[in-house]
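Right, one structure below, let's go through it.
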Amino acid sequence: MPDDRRATTSLLIMARLGEEYGVPRERLLATAGLDEQSARRPGAEITGEQELQALRALAAAVPGETQLGLAAGLRYHLGTHGVWGWAIATSPTLRRAITFGPDHLGLTFGFCAVSVEPGRAALVFDASLLPEDVRELVLWRDMVATAAFGWELLVSSSPVERIELALPRGPYAEHVSEVLGVPVSWEAEANRIVYHEHLADLPLPQADAAMHAIAAQRCMELSARRHRRPGGRADVRELLLKDPADMPTIVRAAAALHTSARSLRRRLEEEGTSYRALVTEVRRGLAEQYLGCGMTVEATARRLGYSETAAFTHAFTKWSGSPPSQWARSGNMPEYPGS
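This is the structure in structure tokens:
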């Protein structure tokens with residue numbers, strides 16, 4: 001995600017790490033086009049490409065991607081990632097956390113493409129599109145950080161069963177397994193974090209349905225904003241997400257977006273959608289988010305502005321083919337992440 005804008009938090013973490021390895025902090029910040037003061041300014045942002053340039057400089061100055069990547073990954077915590085980390089921490093189950101995370105990866109400091117392996121509690125990491133000189137460092141950092149998040153979720157132990165790496169076994173192989181506290185296999189066909197299936201659907205210690213719903217909604221808003229085309233689909237989605245219990249008519253929405261209903265309707269048609277379709281899409285996405293994190297059907301209906309639960313049940317059944325209570329019991333995960 002080199003074009004995404006991100007806070008300077010991660011850059012500062014890596015600059016501090018570089019200093020411990022003998023690389024002057026100012027040098028790494030300068031590689032990203034910043035000085036200490038501008039990097040620490042409240043609300044300061046850079047592009048992913050700027051951070052990548054700093055990582056490339058660090059990788060060139062410090063030999064041994066394994067050691068450096070391992071040390072880097074352990075510096076990141078769920079709290080480092082703001083509202084995304086909050087959503088993960090308050091997830092009802094490990095499986096929910098695993099499936100939610102990749103949906104909003106643009107809100108994190110990661111660079112690897114991450115996907116959920118179908119039918120398994122496992123995440124697959126792909127760094128193939130990154131520059132070769134920084135690829136292994138970033139892969140280590142992203143995977144180690146993700147594996148370490150498991151300790152924060154369970155508090156007393158790790159939910160990770162094993163880590164599989166599509167890398168040759170190096171001199172630090174035993175050290176890696178010791179530090180992470182889980183078995184590590186090498187020369188695998190993919191880079192993968194495999195979680196214990198028997199833990200995947202148990203309630204997490206910090207699970208909080210209401211807080212998770214709020215955090216998940218905020219992630220949807222931020223994801224929509226980052227992919228915004230002015231006056232188009234993303235702006236409408238962001239507007240609808242602001243108050244799901246009182247979604248505006250197209251006339252009110254157009255006024256809020258400083259355009260006419262006719263112009264807004266035309267713009268959405270150009271993007272292959274309609275205002276009504278977006279209202280339905282947002283409602284369904286939020287409904288699945290809420291139900292997926294353990295919220296009751298009645299509470300979900302209220303949050304979405306339905307005066308009667310029966311009306312919501314009818315609408316949800318029309319969207320998904322099954323009543324909301326049955327959908328929630330089946331363990332479905334949201335199909336509309338909002339990104």
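Number 189 in the UniProt record's numbering belongs to position 189 of the sequence shown; there are no gaps in the numbering. Glycine included, C-beta positions come from ideal geometry on N, C-alpha and C.
Query	Result
Which of the three DSSP states, helix, strand or coil, is assigned to Thr93?	strand
Any idea what DSSP makes of Arg75, helix, strand or coil?	coil
So Phe125 and Cys112 are in contact, right, with Cβ under 8 Å, and what is the actual spacing, rounded?	5 Å
Tell me the DSSP bridge mates of Tyr195?	Val160
Based on DSSP bridge pairs, tell me the residues matched to Ser115.	Val124
Short of 8 Å in beta carbon distance, which residues of its chain neighbour Val114, apart from the five on each side in sequence? Order them along the chain.	Gly101, Pro102, Leu105, Leu123, Val124, Phe125, Asp126, Asp142 and Thr146
Excluding sequence positions up to five away, which residues of its chain have a Cβ less than 6 Å from the Cβ of Pro334?	Unreliable positioning characterises Pro334 in this predicted model, as indicated by a pLDDT of 49, which lies under 50. The coordinate reading is nonetheless provided below. Counting only Cβ-Cβ distances below 6 Å, and skipping sequence neighbours, we find Glu288, Gln289 and Gly292.
Take the Cβ of Gly338 as the centre, count every other Cβ of all protein chains shown within 10 Å, and call the residue buried at 16 or more, exposed below.	The pLDDT assigned to Gly338 is 42, lower than 50, so where the model puts this residue is not dependable; a value taken from the coordinates is nonetheless given after this. Under this definition Gly338 is a buried residue.
Rounded to the nearest angstrom, what separates Tyr76 and Phe109 at their Cα positions?	9 Å
Please classify Asp243 as buried or exposed, where buried requires at least 16 other C-beta atoms within 10 Å of its C-beta.	exposed
Between Tyr306 and Ala97, what straight-line distance do the alpha-carbon atoms span, to the nearest angstrom?	28 Å
Per the contact definition of three or more C-beta pairs closer than 8 Å, is the segment 151 to 163 in contact with the segment 174 to 194?	yes
Rounded to the nearest angstrom, what separates Ser10 and Arg252 at their Cα positions?	39 Å
Quick one: give me the first and last residue of the beta strand (DSSP E) that Ala7 is part of.	Arg5 to Ala7
Reducing DSSP to helix, strand and coil, say where Trp80 ends up.	The sequence as given places Thr at residue 80; Trp does not occur at that position. In the structure shown, Thr80 sits in a helix (DSSP, three-state: H, G or I).
With distances taken Cα to Cα, identify the nearest neighbour of Ile46 among Glu132, Met220, Ala7 and Gly150.	Ala7
Would you list the one or two residues that DSSP bridges to Val184?	Ile163
Check this for me: beta carbons of Arg5 and Ala15, under 8 Å apart or not?	no
Among residues of its own chain, excluding the 5 on either side of Leu278, which ones have a beta-carbon nearer than 8 Å to its beta-carbon?	Arg233, Val236, Arg237, Leu240 and Leu268
Check for me: the alpha helix (DSSP H) holding Thr280 runs from which residue to which?	Tyr275 to Gly292
Short of 7 Å in beta carbon distance, which residues of its chain neighbour Leu55, apart from the five on each side in sequence? Order them along the chain.	Met14, Val134, Leu137 and Val138
According to the Cβ coordinates, are Leu74 and Ala166 closer than 8 Å?	no
Would you mind working out which of Pro42, Gln67 and Gly294 sits nearest Gln326, comparing C-alpha positions?	Gly294
Exposed or buried, Ala87, counting other C-beta atoms within 10 Å across all chains shown (16 or more means buried)?	buried
Under the three-state reduction of DSSP, which class applies to Pro203: helix, strand or coil?	strand
Between the Cα of Ala61 and those of Ser91, Gly18, Gly69 and Gly33, spot the shortest distance and give me the residue it belongs to.	Gly18
Determine whether the beta carbon atoms of Thr273 and Val297 lie at a separation below 8 Å.	no
In the structure shown, what three-state DSSP assignment does Thr47 receive?	strand
Could you tell me whether the Cβ atoms of Ala207 and Thr90 are closer together than 8 Å?	yes
Do Leu70 and Val116 come within 8 Å of each other at the CB atom, strictly closer than that value?	no
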